[in-house]
Structure formats: C-alpha cells, structure tokens
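Peer 1: Have a look at this one.
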Amino acid sequence: MSTPRFIHLRTHTEHSLLEGAVPVKALIDLCVKSTMPAVAVTDSNNLFAALEFSVLAKDAGLQPIVGCQISLAHDPAGQGEKIRLPAPVVLLAQNEAGYKNLMKLNSCLYIDKGGALTQVTVDELCAHSEGLICLTGGPDGPLGRFFQAGQGARAHALATRLAGAFRNRLYVELQRHPGPGGAMPAAESSSERGMIELAYDMALPLVATNDVYFPKSSMYEAHDALICIAEGAYIDQQQPRRRLTPQHYFKSESEMAALFADLPEALENTVEIAHRCAFGVYKRAPILPKFADDEVNELRRAANAGLQARLAVIPHAVTPQDYQARLDFELGIIEKMGFPGYFLIVADFIKWAKDQGIPVGPGRGSGAGSLVAYALTITDLDPLRYALLFERFLNPERVSMPDFDIDFCMDRREEVIRYVQAKYGRDKVGQIITFGALLSKAAVRDVGRVLQMPYGQVDRLSKMIPVEGVKPVSITKALADEPRLREAAREEVVARLLNYGAQLEGLYRNASTHAAGVVIGDRPLDELVPLYQDPKSDMPATQFNMKWVEAAGLVKFDFLGLKTLTVIQSALDLLRLRGVDIDISLIPLDDKPSYELYASAKTVAVFQVESSGMMDALRRMKPTCIEDIVALVALYRPGPMENIPTYCEVKNGLRDLESIHPTIDHILAETQGIIVYQEQVMQIAQVMAGYSLGGADLLRRAMGKKIAAEMAKERPKFVEGAAKTHNVPKEKAGEVFDLLEKFANYGFNKSHAAAYAVVSYQTAYLKANYPVEFMAGVMNCDIHLTDKLAVYKREVDKLGIKTVAPCVNASLATFTVRDGAVVYALGALKGVGVEAMKLITEARGDKAFATLFDLARRADLKRVGKRPMEMLARAGGFDALNPNRAQVFEALDALVAYSAAIHEAKSSNQVSLFGEAGADIPEPRLPFRDDWLPIERLTHEHQAIGFYLSGHPLDDYMPALRRREVKTLTEITALAERGPLVAKLAGSVSSKQEKKSAKGNRFAFVQLSDPTGLYEVTVFSDTLEAARDNLEPGKNVVLTVEATLEGETLKLLARAAQPIDQVADQAGAQDLRIHLNKPEAVGSLAALLTRVEGRNRARIILCVPDDQGREIDLILPNPYPVNAQIKGAIKAMQGVVLVEEV
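The numbering used here numbers the first residue of the sequence shown as 1 and each following residue consecutively.
What follows is the structure, given as structure tokens:
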C-alpha cells in the first residue's frame, strides 16, 4: 500500500448528539472505500464511541485514533470580553496514559462540574496533558478566536502555555472550507494568517483537518435541520446562524491535497500524528471488586449453609442428596468460570435489602435456575421443584458473564443502590448510559418544526407512518407501503421534510441512563471508562452503553423496580395492622380459592393475567396447579399462543395427549405434549440425542438465532446422537430436530416464566383470601393514576367491598382498610399529592377535627395549598365538619388566611392573653350559600376524584329510563353472554377521541359511564355526524348500541344517540312521595314547585310529621312538572328525607 498523503483527524460521529451525522460504521466504511488506513473520532465533549470505534475499526483493518473535541474555557475575568463562548481543542490519545487523561478530562467536564456540561480550564487541560496530542481547534479554537478578535498577543500567550505542557505534541490546526466562488468563511480567512505566523514564530507544526460532520456534501441541508433541532432554531433563519458549510464532509485525500497544496507539511503531519497515535481501546476481561480474601471457600460455606436452611423449611422436591449433588455441580462450574465473587456480591446486597424489609422478587430470567442462587437467597424459587436448568443460566461450554435480573419494590429500589455505593465507594459505582435514537415519527415532527410547518399537518404526516411491534417503520418503508404518505409527498415542503427526515432518522438524539443497570468497579470508574452525568441524577454513568460497557470489563447488575412487589407489600402491611402476619414466600401453592379465582378469570389487578385475552385463556384452561400458570405466562405471546387451545383441551380431557417419541414424552407431560420452554428443547436434545446440557444450550441458541452454518453442523450431530442413544430412526430424529427448530425460535425461558408465575400466584392468593387489603394495596400503587383507580373502584364494587368516601377525619393520605371497607385516600384526589395530605392527617393524629376552624388551627392550610383544599371540598372531604360543600368551597380563602395567621403567630411565639398563640385571632364568618344541587355535587366530585363515588348523574333518570327499556351496562353484559344484541344504553360522556380512517372517514371512540360501570363505544361516521353534539364530554345520552362479547371484553358500536332528557320525558312522569322531617319544609317545597316548568306533570304526596312524630300524607291539589332535575333539586332541600316514585 502506498504511503497516505492525508488522514482525517477530526470527525464527529452520531455520538456528537444532534451535531454529528456520521454513524461509526459508516465512517469506517468511508475509510475502507477511500483506502485511508487510519482515522480519528473526535466527538464533542465525550468518548461515547471510543470502544465501539476502536473495536470495529480494528476488525475492518483500520488503525483507530481515539480522541475528543473538548471545550476549553479561556476568558479570565476582565479580559477578552469578545470571546465569550468556550472554544474547542482536539485531543488525541497516543498511549494508555493519554487515554486515561482523556477519561479524567471527561470527568472534569461532567462529574466535577455537578453534571452540567461546561468546559475544562487551561489549568485542568495542562494538568492532564501526558500522552495526548493537542490540535489547537482551527478557526473556532481559542487561538483562532483570539486572532479574529485582533488579540494576537493573547493567542501567543496561550500557545506558549500549551506548548509548555504538551511540548512537541502541540499542533496548530488549520481548516479551509471554501464557498462556491472559492472564498473562505470569515472565521477562517481572518485567523489563518495569524495562526501560520504564530506556528513559524514558535516552531510549532501545522496540521490540516476538515472537521467532518456528515458523510457527503449533499447531506448539508439535512444536517442543518439537525442543528436547528438541537438549537430550537428554524432552517429559514439567515446568517449568522449557520456555522458549518457544505464542505464539512468526509473529503478524499486528493481533495484535501488540493486545498492545502501550498502547505504540504500540514497534510504530512496528519500522517505523522497517525503514526504517533498507534493506540486503541479494546475489550477487557470482567472486573469485579474483591468481596472476600478467599471467595471460593466463602461461597462454598455460604451456599452449603443456605441450602441446609432452605431444606429445613421447604418440602423436598427430591432427596437431600440430590440437592447436595446439584449444589456441588453448580459450585464447580461457578469456580471454574471464576464467578464466586459475582454471586457473593449479589447475595450481599439482596440480603441487606431483605434485612431492611425491602421486598425482593423471587427471581427473574434464567438466574432462577440456579440452586446456588436459591441457597444464597438471591432467588426464592426452588429450581429442582420447577425442573429449572442451571446451564440455561451459566453454560460451562460458552463463557459469558452471569446476569441476575433482580426485582425490588419500586419505592425502595434506590435504597439498595445507595447501599452498594456506600459499601464499595461512590466513585466505584455508576449507572449505564443509553442513547435515544431519532426514530421516523420523531424525525418527521422535529423536521416539520424547524421547517415551520403547521402543527396539524406535521401531526397527520407522523401518524401516517405505520408501527411494527413497538417501533415505527422507516420513512423509506412508509413511503413504499403507505399511499396517503406518497400522495402527501407530492407537496414540495412535505417532500423536503421526508427527505431530511429519512437522512436523519436513526441518529442519536439524546443521552440518558439505563433504567436498571448498575456497574461496580474494583477501582474508581474513571480509571476504567469515561464517565457522564445525567443532569437528573446525582450518580455518574458510564459513557459506554450496555453492550460496550460490558466489553470494557465492567459487570452489569440489574436493579429493577417491580410495582407488583410494592402492591404485595402494601397489602401485607395493611393485613399486619389487623394482626394477620403472612410470609408471602411460604404461602401454600395449592390454595383452592386462588385457583377458583384464576378459573373464573376474576383477575383484575392480578399480575400477568389482567388482559382480556389472558382472562379468556384462564376460563378455557381452568388452572389447578402452579405449573398451569407457569405455562400460561410462557404461552401468552405472539406465536406460542396458538397452542393455548390445544393445552386447554388436553388438560381438560377434551383431546388426547399426542406422543412425539416415547423417549421424550415425559419431558412434555407437564405442558400437555407441547414444547413451551427453551429448557424443554435442551432436555430433549440431552435425552434423545445425548447432548450435554451445555451443548444443548448452544444448540438452542443457534436454533433461536437461526444461524444457518451452526444448524448445518448440528442436524447430523443430533440425528446420529439419537440413533446412537436410543436407536431412533434418522427420519424420526430429523422430524424432532425440525420441531425443536420451530419451537426454539419462540420458546420461553422457563425460569423467568416460573418466577413471574409465582408472583402472579401471590397476588391471586391475596385477592382470593384478603380482597379488601389487596385492592387497597393495588390502589395505593396507582394512587396518582385516576383512570386506573376508576377501574379498581369498579372491581371493588364487584367484589362487594364498601368504599368509605374521602374524609379529613376518617381517611389517611393513602388507601387504608377499616371494618372490611376500603377508606378512600386523600392523596388520591386529582392534583393533590400524598405529601400535602399528610400535613392534614399528621395534624389530626388520633383526635378528630371538631370544626373547620379546629382544622385550620391545627393544620397549616397555607402549606397544604389552596388547590388541594378545593379538591377536598369538591370531593366532600369536609362533610364531617360541614355538609354544605358549596359554603365550604367559598369559604376556603378566608379559612386558609385564618390558618396562616394562626401558624404565623405560633412560629413567632406570639402568646395571647388567653395563653395560646393565635387564640385572639377571630374566626372568619362563613358566607351564606345554598348547597350544590345533587348533579352539581356529582360534577364537582368527578372533578376531584376522576369518577363518581357517592352517586351517578344518571341515578335520578334511571326509573324513567327503565320505563323506556333502557338497560344498564351490567345488564347488557349479561345479555351479551347469550349472543349479540341491539339495546338502549344510557351514559354520561367522559371523553371522546375522533380519528380518521384510511378512507378519510371520521370515527370516534367515546368513553362513558352509567351507575354500574365504565365503558367505551365506537361511533362510525354516519352516526357521528348526526350525534356529534350529544357526545361531547359532560353530556348525558341514551345510545342505541350493537353489543357483542369477545372473551371478557364487551364491544359496543353506537347506532344512534339521543339527549337523555328527551328519552326520559317520553317515559312520562311518575307520582312522587316526598318524606319531610319538619313541617316548615313545606313552604320551601311549594316555592320550588311553583317556579319550575315542564311538560310531564304528576301528583305530589307530602309525608309530614305531626306533633306526635307520626307521618301524615298530604296530597297536593294540582299536578306539578316532574323530571330528573326537579327530583334532584327536591332531594337537595333541607328537611327532605326521601323522594320516591309511587
């Protein structure tokens, strides 16, 4: 190969977030294509790509040069006011010492500056200069900026300072990006002469770079859109916004040679620097902190002691000798692979969590297959009881790190991480960075914004992009598959948007941290990897993502938060308050009520089986043992779910179990002859074809990944092994191999399924046996999610559990249980928050508030806040102190001011003549105000709670609606079990979502409720056009619906919608009997009845107490207008006890 004339030393990959547009692989491909033997990656203020780039470059035969463009602060107070922004310099690692200094400087950027990206000082740069080559940053660097500002003396001073630190490793960097007529950008033309003269005066070498941001010149406009996305700017804004030019692309060495023909040494020095930087960052063996001096013996001691403790309390699946043999086998593999320390570290922080009462899951993933893990209490699943395989977790024939995924209570997970930091050192523990990519839908929205297109148009375009799985397809694929998008692209601005978006999609948009991953080093992390700090976290994160941080030798520990564990703990805590103490890990696995709950599909809030599809599967399966739940967790996924009917039919005796081959039928017996688990694939290969379990795991992996070359080798091995081991004919062995290959592709990890089935069973057990505490626990975990609380409230009603309305004298901030009822949480009110409500409940203590003023004196209502107080009033939270909600609502300002004055007096120790601080502050007068009408009370209640709790707006309509044969939701659901039907259904509209079909027709999903529950109807275009006004939120309507039941889900299609008053009026009026508790109420009632107007009239009978307390019927002489609103108004009147139709 001929000697290169130029090497790119300044490039920005996609890891220069919203700035670089060259993916690492694309950069390497460009180098290979142009026969450039080396290249540097110098992303802005990070080393995100350092390891990935080094490994991929080496694999492609390139020499990687690891570097970083770093922001340098050089603007001492009172000097250089014209140079306000940090200026970049480029640093390239010559060797290990240089790379370590690059990592240290990154710590200076992120960790030492409190997580906010700033810059390094000249002092910090010079202190970490060893092993680094420094390029001065070109026209945008500090020297270039000084020359542009006419401050040549300061440029010389800084260059002298840097030369003293870097010596012969300082290069004066030049860039040339000529425009169409050959004119240089102002920044380059005004600084180049000064920098060349400085270099010659100080005998510093020159170096040429092109500062690459995109692969080719044609991407300039799309890249400019990327810069606008980052800066919140618009493409059509004029200069001086644009800093880059179309020339900032990956130029060939001949193009660079032409640009710098007058300065050949600047080109030659790029090659010299490449020779000086023969260093790359490569993969490293796993690194762990040392847990004990003799980790092998410590693990053996702890595992054996733990196994004996387990065997003392659990039913034995096999003999104690079998347990011991399995333990010894696993320990041998763990020791051979060098992982005793890993097990001890995990066991330590899990033991600490359990000692602190922090709920820990029974297991997750393949780690549940380890008996050592079970003995150490890392998991709580007996792998021999569930026939789980250790080799699925740790395969002696495939060296890879073990990986325990640990579930913790979501509320206390952070405590465990803090413990690990304290034990191993804060500087040795970190999170893992993740990168968010600019996917197609987001790219369309972002580019549309910078093009200043109307939001509605951009929103429609984004929604035209189909989604496959959880991700949208690419813009290119969307254009190929979606005719509407192709039609839209005929408009010039839309075509421009899609063109830019297609070029930008897939680039990284932002950095954040992995939700669960934590790494622990044996030394400060910044000596092993570069560090980053998420501004939202006080914990450092590695600059390498999960894939590359493991390649760098750091071992990942997953600290996952599982809400269900919090639900279980909340329920157990509530049970403990009434003297029921349960160890959830020791509950019986044969509890009949639990399996009856599963079989009847009453599984709202039961982990893993809440969906309508799962409920339908449960009704068909009728589970009778934990193995059924394990199988269902594994089967209920795309692909395997097609086998659910077969499983259910065989289990329930409706179909015979089909034999695959006598040698392996016992392996499939627990799953009704179906291959469900990956472990079964391994066992079949072991039993039928003589594979070791380690070799069977390799086979499973090859099958699952569809590795053709591996499969070609494995098929004859399997067939020959089956013939040798069991004399299985080649044709039959081939059939079994094909069957395994099919199922291995979507077979599920049994260890994971078993662990989650156990958690599911625990929730089912609590719901079946302790439903009140369970539902209160469930509601506590979703206390801020109104939609979910509405679903759970409906389930509470179905279970026949009473709900106590929110009350400042009865409720706590969270959901509680009293006398078999769920007491509604004050903190569940909308916009309130648990902490604000604790101010009230803690002030109450054990002594109920006597009056509103007593509340104001004891609780600082100003700290509680006006909005929470308003929500309490709307919800009836003060009814125990004053039942007139309207009066309380209007008095809140005065009440809060009174409370503030009292507490200010207390805080300043102002003692009155009466001895108590604030005692001489007069109580405010409550305003006179009639209470809200029942319908108004319900409206306010809905605003505060998110659903109706004390009643429903349709309650007063129901008698009239029944006369018009209008059904309730519960009645229609029951009727739909017999078959599809058309019926009338009343509802109060809570929300409406209008959409447009592929043909352009509008349709809507409308959410409603009636006194028996919540439901959704679909409204197609014809009906929507006629009934749109009746379907607005807040309206009460009667729908004509087509109802069908699909599994547990009621599907409703609206044919018509009428105002509810119109339907109720058609029913005519019924005579009313009104019971009064005092004769004086007659006058108020007469005044109301003479005021109202209405078409339907009825007799009014008043039941009035006489002097002896007996009721006397008074029949009013004239019929009066009667409808639902009038009945509601009568009910709200003082002195009215009961209103009934007769």
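In this text, a Cβ means the ideal position worked out from N, Cα and C, and glycines have one as well.
Predicted model only: the values in this text are computed from it and were never measured.
Are there 16 or more other CB atoms within 10 angstroms of the CB of asparagine 1001, so buried, or fewer, so exposed?
Peer 2: Exposed, because fewer than 16 other Cβ atoms sit within 10 Å of the Cβ of asparagine 1001.
Peer 1: For serine 988 versus serine 1021, is the C-beta distance shorter than 8 Å?
Peer 2: It is not a contact, given that the beta carbons lie outside the stated cut-off.
Peer 1: At which residues does the alpha helix (DSSP H) containing arginine 385 begin and terminate?
Peer 2: That residue, arginine 385, is in no alpha helix (DSSP H); it is neither H nor E in DSSP.
Peer 1: From the DSSP output, in three-state form, read off alanine 821 for me.
Peer 2: DSSP places alanine 821 in strand when its eight states are reduced to three.
Peer 1: In its own chain, which residues sit with a C-beta less than 8 Å from the C-beta of aspartate 1147, not counting the 5 before and 5 after it?
Peer 2: Nothing about residue 1147 can be read from this structure; the chain reaches only from 1 to 1142.
Peer 1: For a minimum of 3 consecutive residues, which ranges assigned as the beta strand (DSSP E) are wholly contained in the stretch 265 to 315?
Peer 2: Runs found: none.
Peer 1: Return the chain-ordered list of same chain residues with a C-beta closer than 6 Å to the C-beta of alanine 821, the five sequence neighbours on each side being excluded.
Peer 2: Here the set comprises Lys802, Val804.
Peer 1: Roughly how many angstroms lie between the CA atoms of phenylalanine 404 and leucine 381, to the nearest whole one?
Peer 2: Between phenylalanine 404 and leucine 381, the C-alpha separation is close to 14 Å.
Peer 1: Please classify methionine 682 as buried or exposed, where buried requires at least 16 neighbouring CB atoms within 10 angstroms.
Peer 2: Per the 10 Å Cβ criterion, buried.
Peer 1: Can you list, in chain order, the residues of its chain with a C-beta nearer than 6 Å to that of phenylalanine 947? Leave out the 5 residues immediately preceding and following it.
Peer 2: Cβ neighbours of phenylalanine 947 beyond the five flanking positions: Ala790.
Peer 1: Return the Cβ separation of glycine 361 and asparagine 749 in integer angstroms, given the expectation that the two are a contact with Cβ distance under 8 Å.
Peer 2: About 15 Å separates the two Cβ atoms, so there is no contact after all.
Peer 1: Could you pull the DSSP bridge partners for histidine 1075 from this structure?
Peer 2: Histidine 1075 is bridged to Cys1103, Leu1138.
Peer 1: Quick check on DSSP: helix, strand or coil for alanine 208?
Peer 2: The answer is strand: DSSP assigns alanine 208 an E or B state.
Peer 1: Cα separation between proline 540 and glycine 430?
Peer 2: Going by the C-alpha atoms only, they are around 5 Å apart.
Peer 1: DSSP on tyrosine 424, reduced to helix/strand/coil?
Peer 2: Three-state DSSP puts tyrosine 424 in a helix.
Peer 1: What does the alpha-carbon distance come out to for the pair alanine 1098 and proline 959?
Peer 2: About 14 Å.
Peer 1: Okay, do the stretch 349 to 363 and the stretch 276 to 289 touch, 3+ Cβ pairs below 8 Å being the bar?
Peer 2: No: the two stretches stay apart, fewer than three of their Cβ pairs being nearer than 8 Å.
Peer 1: Answer yes if the stretch 142 to 151 comes into contact with the stretch 95 to 111, meaning at least three C-beta pairs across the two stretches below 8 Å, and no otherwise.
Peer 2: They do not touch, by the three-pair rule.
Peer 1: Per DSSP, what are the beta-bridge partners of serine 1165 in this structure?
Peer 2: The chain is shown only over 1 to 1142; residue 1165 falls outside these bounds and no answer can be derived.
Peer 1: Leaving out five residues before and five after valine 555 in sequence, what residues of the same chain have Cβ atoms less than 8 Å from its Cβ?
Peer 2: Same-chain partners within the cutoff: Pro286, Ile287, Leu288, Tyr342, Met401, Val519, Ile520.
Peer 1: Between leucine 881 and chain D, is there a C-beta pair that is closer than 8 Å?
Peer 2: Reference to chain D is not applicable here, since this structure consists of a single protein chain.
Peer 1: Which ranges does the alpha helix (DSSP H) cover as unbroken runs of at least 4 residues, wholly within the stretch 123 to 180, from first to last along the chain?
Peer 2: For the stretch 123 to 180, whole alpha helix (DSSP H) runs of length 4 or above, ordered along the chain, are 142 to 148, 152 to 166.
Peer 1: In the DSSP assignment, the beta strand (DSSP E) including cysteine 409 goes from what residue to what residue?
Peer 2: 405 to 409 is the extent of the beta strand (DSSP E) around cysteine 409.
Peer 1: Could you pull out every residue in the same chain whose Cβ sits closer than 8 Å to the Cβ of valine 1139, ignoring the five residues on either side in sequence?
Peer 2: For valine 1139, where only same-chain residues beyond five positions count, the Cβ hits under 8 Å are Leu1072, Arg1073, Ile1074, His1075, Lys1127, Ile1130, Lys1131.
Peer 1: Rounded to the nearest angstrom, what separates isoleucine 273 and leucine 27 at their Cα positions?
Peer 2: If I take the Cα positions, the gap works out to 19 Å.
Peer 1: If you draw a straight line from the alpha carbon of arginine 496 to that of threonine 136, how long is it in whole angstroms?
Peer 2: For arginine 496 and threonine 136, the distance between alpha carbons rounds to 37 Å.
Peer 1: In its own chain, which residues sit with a C-beta less than 7 Å from the C-beta of proline 4, not counting the 5 before and 5 after it?
Peer 2: Cβ within range, chain order: Met36, Pro37, Glu253, Val271.
Peer 1: I want to know whether the stretch 810 to 827 touches the stretch 968 to 988 - three or more CB-CB distances under 8 Å.
Peer 2: Not touching, per the Cβ criterion.
Peer 1: In its own chain, which residues sit with a C-beta less than 6 Å from the C-beta of histidine 15, not counting the 5 before and 5 after it?
Peer 2: Cβ neighbours of histidine 15 beyond the five flanking positions: Asp43, Phe48, Ala49.
Peer 1: What separation, rounded to the nearest whole angstrom, lies between the Cα atoms of glycine 1013 and aspartate 787?
Peer 2: C-alpha separation (whole angstroms): 13 Å.
Peer 1: Got a sec, what are the start and stop residues for the beta strand (DSSP E) glycine 1013 sits in?
Peer 2: Where glycine 1013 is concerned, the enclosing beta strand (DSSP E) stretches over 1013 to 1019.
Peer 1: Return the Cβ separation of tyrosine 770 and alanine 571 in integer angstroms, given the expectation that the two are a contact with Cβ distance under 8 Å.
Peer 2: Contact flag correct, Cβ pair sits at about 7 Å.
Peer 1: Under the rule that 16 or more other beta-carbon atoms within 10 Å means buried, what is proline 264, buried or exposed?
Peer 2: Proline 264 should be labelled exposed.
Peer 1: Which residues does DSSP list as the beta-bridge partners of glutamate 1042?
Peer 2: Paired residue(s): Val982, Leu1053.
Peer 1: Kindly list the residues whose CB is nearer than 7 Å to the CB of serine 191, restricted to its own chain and excluding five residues on each side of it in sequence; keep chain order.
Peer 2: Pro139, Gly144, Phe147, Gln148.
Peer 1: Measuring straight from C-alpha to C-alpha, what distance separates valine 817 and leucine 855?
Peer 2: Their Cα atoms are separated by approximately 23 Å.
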